[in-house]
Every structure is written in C-alpha cells, then in structure tokens.
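Protein chains in written order, with my numbering: chain A, 37 to 122; chain B, -4 to 221.
Beneath this line is the structure, given in structure tokens, with notes to follow.
Here it is as structure tokens:
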C-alpha cells in the first residue's frame, strides 16, 4: 500500500515539474544521435506514422520501429542523466 | 509479457498505434507491474513535453527526401499545391530558426553560407504554365528545390499568398480601382541568402517557377539596423 502511494507521488512529481524540464528535454534531444533524433522529430513534430517515416527515410518498417524504441529509451536515459546533474 | 516488450509497446502507442491485441496485453501487464506504470507515465509526460520544444530540423538529407515523398505521395493531401513549397520552407526554416541552438548543442546541420551574406526577396509572380506536367510533379520539384536551398542554409523564408486580390490602400483608404487590383500577380515569396545579385539570380533561375514559365522578381534586402 505504501509502495503504491510512493509510486503515485513520484508520478505526480514527474508530471508537475515545469520549465526546467523542457530545457533539459531539449538538451537531452540533442544528445541523441542524429538518426535517433530524426525519428522522434518526424513523429512528434510532423505527425508521421512509422510507415510514413519508413517512406521518408527509405528504410523498412521494422528498422523504424527499432530505431524509435532505442531513440525514446535513449532520450529517457539522457533526461535522467541531465536531471541528476542539476 | 516482459517489461522490455511493454516499454516497446508504450513507445509504439505514443509514436504510432497499437493493435487491439497489443493494447490489451499492455494494459494487462501494466495493471500488474508498478515499474511499467511509472515508465508509462514518464514516457507519456516526456512525449507531451516534446511538443513544447522549438521545432528541430530534420537532417538536411531527410529534408530533401521528405520533400520528395510529400510531393509525390499520398501525403500530398495534407498540403495544397504551392502551399507545399511554403510548407517545406517552414519546415526547413524551423531548422534555420533553431540553428544557433542546434549547433551549439552539437546539432548536425551543416552551415555552408556565411550568416553575413546579403539576403534576397524572390517575389513569385505570374502563374506557371503546367502544360502536361501534373501539379503533383510541380510540388515535388518545389520541394526538391527548396530542400536543396535549405540544406545549404540558404533558405530564410517562404510563404504562399492566398489567391485573392488583397487590398490596396492609399491616403483616402481602400482603392476601388479594379485595374490596380488586377495587377496583383504575386503568388508567394522566398527569402534566400546569396553572395550577390548574380548569385541570387543563378539560384532563382533554377527554380521550378522559372522552368514552368513564371516570373520571379529579385530584390536585395537592405537590413535596417537601429
């Protein structure tokens, strides 16, 4: 029960951090390799599906998926690192 | 389902979409896994925060390729004819605008043009004569052209204007002179960087608008400094 409460507290804390988080996120995005950043940019900023990204980058759907999975994981690792540096 | 797979699905749900089966499986896993409940909230928060960043540039290679695909394929429906050229301008300038930031953070954008080079306004005048060329083909050529300029950091701006007569104003207010309004043949503009008029002209001459019989007026921009 206590664990559950801690979990919810952590989630709330995570969602409520304002501007610094945006700054750090920006920094984190630029720590990714260009290939990984690309997938995130095309998806988030241009609203492309995996299939559309595959078309743009001329690679297979499974390659896009793999790259997307790694990109988002790396983004999180970078974000954690930056947060711990602050 | 293990946590690795669950994270993959969490990412897929944000970046693409899940099949009903995958979604059901993910929900079932998350109900029983606190770590993944937290991970999902983190990924979701990050994903929504990304929206608040200035729009980063795709790599120049992808930008050109993106233009080609947008022009040629079904994605065309998201953009109308010339607006597409402006859209690609915007998309790529998103890069130019974020430049300082991107390069100071080790971005990969290759700046090949001096920032101090003069800039030129290219007024897109007259209707291109398409003949047997399809509008899609024209759009595709615009994208390729704008994409190439952008990849050389030469493209500073691009917009299409609405196909209406606009308004002509003078000291007495709005002009009712229809002849005057009929003279308006500006369909859009590009702002580019070039070393001088000759260089700007050379670039302008390669544009699809010229190729298809339109007219471009080039004016050097005289920066006003305070």
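Where a beta carbon is used, it is the ideal one built from N, C-alpha and C, also for glycine.
Compile a chain-ordered list of the residues in the region 203 to 221 of chain B whose CB is closer than 9 Å to at least one CB of chain A. Result list empty, no residue passes.
Restricting to Cα atoms, I'd like to know which of B:191, B:120, B:182 and B:163 is closest to residue 149 (chain B). Reading the second chain from its first residue, position 154 is the one you call residue 149 (chain B). It is B:191 whose Cα lies nearest to the Cα of residue 149 (chain B).
DSSP three-state assignment for residue 185 (chain B), whether helix, strand or coil: By one-based count along the second chain, residue 185 (chain B) stands at place 190. Looking at residue 185 (chain B) - three-state DSSP - the assignment turns out to be strand.
Throw me the rounded Cβ distance for the residue 122 (chain B) and residue 209 (chain B) pair, which I believe falls under 8 Å. Counting from 1 along the second chain, the entry for residue 122 (chain B) is found at position 127. Counting from 1 along the second chain, the entry for residue 209 (chain B) is found at position 214. Confirmed, about 7 Å.
Going along chain B, which residues have a C-beta under 9 Å from residue 115 (chain A)? Counting from 1 along the first chain, the entry for residue 115 (chain A) is found at position 79. Those are 37 and 41, listed as they occur along chain B.
Quick one, are the C-beta atoms of residue 205 (chain B) and residue 187 (chain B) less than 8 Å apart? Within the second chain, residue 205 (chain B) is the residue found at index 210, counting from 1. Within the second chain, residue 187 (chain B) is the residue found at index 192, counting from 1. No, the Cβ-Cβ distance between residue 205 (chain B) and residue 187 (chain B) is not below 8 Å.
Note down the Cα distance separating residue 13 (chain B) from residue 62 (chain A), rounded to an integer number of angstroms. Here residue 13 (chain B) refers to the residue found at position 18 when the second chain is read from its first residue. Here residue 62 (chain A) refers to the residue found at position 26 when the first chain is read from its first residue. Looking at the two C-alpha atoms, the distance is approximately 27 Å.
Within 10 angstroms of its Cβ, does residue 49 (chain B) collect 16 or more other Cβ (buried), or is it exposed? Within the second chain, numbered from 1, the residue matching residue 49 (chain B) stands at position 54. Exposed, by the Cβ-count rule.
Following the continuous alpha helix (DSSP H) through residue 152 (chain B), name the residue where it begins and the one where it ends. Looking up residue 152 (chain B) in the second chain gives position 157. From DSSP, residue 152 (chain B) is part of no alpha helix (DSSP H) but of the beta strand (DSSP E) over 150 to 155.
List the residues that DSSP assigns as beta-bridge partners of residue 213 (chain B). Here residue 213 (chain B) is taken as the residue at index 218 of the second chain, counted from 1. According to DSSP, residue 213 (chain B) bridges with B:117.
Relative to the C-alpha of residue 100 (chain A), which candidate in A:65, A:113 and A:89 has its C-alpha closest? Position 64 of the first chain, counting from 1, holds the residue named residue 100 (chain A). If we check each option's Cα against that of residue 100 (chain A), A:89 comes out closest.
Rounded to whole angstroms, how far is the Cβ of residue 72 (chain A) from the Cβ of residue 103 (chain A), which I believe are closer than 8 Å? Residue 72 (chain A) sits at position 36 when you count from the first residue of the first chain. Residue 103 (chain A) sits at position 67 when you count from the first residue of the first chain. In this structure residue 72 (chain A) touches residue 103 (chain A) by the C-beta definition: roughly 6 Å separates them, less than 8 Å.
Check each candidate in B:11, B:47, B:182 and B:24 and name the one with the smallest Cα separation from residue 56 (chain A). Along the first chain, one-based indexing puts residue 56 (chain A) at 20. The residue with the shortest Cα to Cα distance from residue 56 (chain A) is B:47.
In the DSSP assignment, find the unbroken alpha helix (DSSP H) run with residue 222 (chain B) in it and report its ends. Residue 222 (chain B) is absent from the structure shown; chain B starts at -4 and stops at 221.
Which residues mark the beginning and the end of the alpha helix (DSSP H) in which residue 145 (chain B) is found? The residue you call residue 145 (chain B) lines up with position 150 of the second chain. Segment 130 to 146, the alpha helix (DSSP H) holding residue 145 (chain B).
Minimum Cβ-Cβ distance from residue -4 (chain B) to chain A less than 8 Å: Within the second chain, the letter at position 1 stands for residue -4 (chain B). No, no contact with chain A.
Using the C-alpha atoms, what's the distance from residue 5 (chain B) back to residue 19 (chain B)? If you number the second chain from 1, residue 19 (chain B) lands on position 24. If you number the second chain from 1, residue 5 (chain B) lands on position 10. Rounded to whole angstroms, residue 19 (chain B) to residue 5 (chain B) spans 12 Å at the Cα level.
Kindly say whether residue 13 (chain B), judged by its beta-carbon, lies nearer than 8 Å to any beta-carbon of chain A. For the purposes of this step, residue 13 (chain B) is taken as the residue at position 18 of the second chain. For residue 13 (chain B), the answer is no, since every Cβ of chain A falls outside 8 Å of its Cβ.
Taking the alpha-carbon positions, what's the residue 137 (chain B) to residue 79 (chain A) distance? Position 142 of the second chain, counted from the first residue, corresponds to residue 137 (chain B). Position 43 of the first chain, counted from the first residue, corresponds to residue 79 (chain A). Each residue's alpha carbon lies about 23 Å from the other.
Whole-angstrom Cβ separation of residue 97 (chain A) and residue 86 (chain A), contact assumed at under 8 Å? As a first step, residue 97 (chain A) must be located in the first chain, where it is residue number 61. As a first step, residue 86 (chain A) must be located in the first chain, where it is residue number 50. Right, their Cβ atoms sit about 6 Å apart.
Check the Cβ of residue 6 (chain B) against every Cβ in chain A and list those closer than 7 Å, keeping chain order. Along the second chain, one-based indexing puts residue 6 (chain B) at 11. Here the neighbours are 104, 105 and 108.
Quick check on residue 146 (chain B) - is its C-beta less than 8 Å from some C-beta in chain A? Within the second chain, residue 146 (chain B) is the residue found at index 151, counting from 1. Chain A, which has no Cβ nearer than 8 Å to the Cβ of residue 146 (chain B), makes this no.
Nearest-angstrom beta carbon gap, residue 112 (chain B) and residue 1 (chain B) [assumed within contact, 8 Å]: Position 6 of the second chain holds residue 1 (chain B). Position 117 of the second chain holds residue 112 (chain B). Contact flag wrong, Cβ pair sits at about 52 Å.
Pick from B:42, B:140 and B:-2: whose alpha carbon is nearest that of residue 200 (chain B)? Against the second chain, residue 200 (chain B) aligns to sequence position 205. The shortest C-alpha separation from residue 200 (chain B) is found at B:140.
According to DSSP, is residue 46 (chain B) helix, strand or coil? Your numbering for residue 46 (chain B) matches position 51 in the second chain. The DSSP-derived three-state label of residue 46 (chain B) is coil.
Simplified DSSP assignment, three categories, for residue 169 (chain B): Residue mapping note: residue 169 (chain B) aligns to position 174 of the second chain, counting from 1. Note: residue 169 (chain B) maps to strand in three-state DSSP.
What is the rounded straight-line gap between the Cα of residue 133 (chain B) and the Cα of residue 159 (chain B)? As a working mapping, residue 133 (chain B) is identified with position 138 in the second chain. As a working mapping, residue 159 (chain B) is identified with position 164 in the second chain. The alpha-carbon atoms of residue 133 (chain B) and residue 159 (chain B) are separated by roughly 21 Å.
8 Å is my cut-off, CB to CB: does residue 27 (chain B) come that close to chain A? Counting from 1 along the second chain, the entry for residue 27 (chain B) is found at position 32. No, because no Cβ of chain A sits closer than 8 Å to the Cβ of residue 27 (chain B).
For residue 95 (chain A), tell me which candidate among A:114, A:64, A:75 and A:69 has the shortest Cα-Cα distance. As a working mapping, residue 95 (chain A) is identified with position 59 in the first chain. With distances taken between CA atoms, residue 95 (chain A) lies nearest to A:75 out of A:114, A:64, A:75 and A:69.
Expressed to the nearest angstrom, what Euclidean distance is found between the alpha-carbon atoms of residue 111 (chain A) and residue 163 (chain B)? Taking the first residue of the first chain as 1, we reach residue 111 (chain A) at position 75. Taking the first residue of the second chain as 1, we reach residue 163 (chain B) at position 168. So the alpha carbons of these two residues sit roughly 51 Å apart.
Of all Cβ atoms in chain B, is any one closer than 8 Å to the Cβ of residue 65 (chain A)? By one-based count along the first chain, residue 65 (chain A) stands at place 29. Interface residue, yes.
Rounding to the nearest angstrom, what Cα-Cα distance links residue 44 (chain B) and residue 83 (chain A) in this structure? On the second chain, position 49 is the one that residue 44 (chain B) refers to. On the first chain, position 47 is the one that residue 83 (chain A) refers to. Those two C-alpha atoms are separated by around 15 Å.
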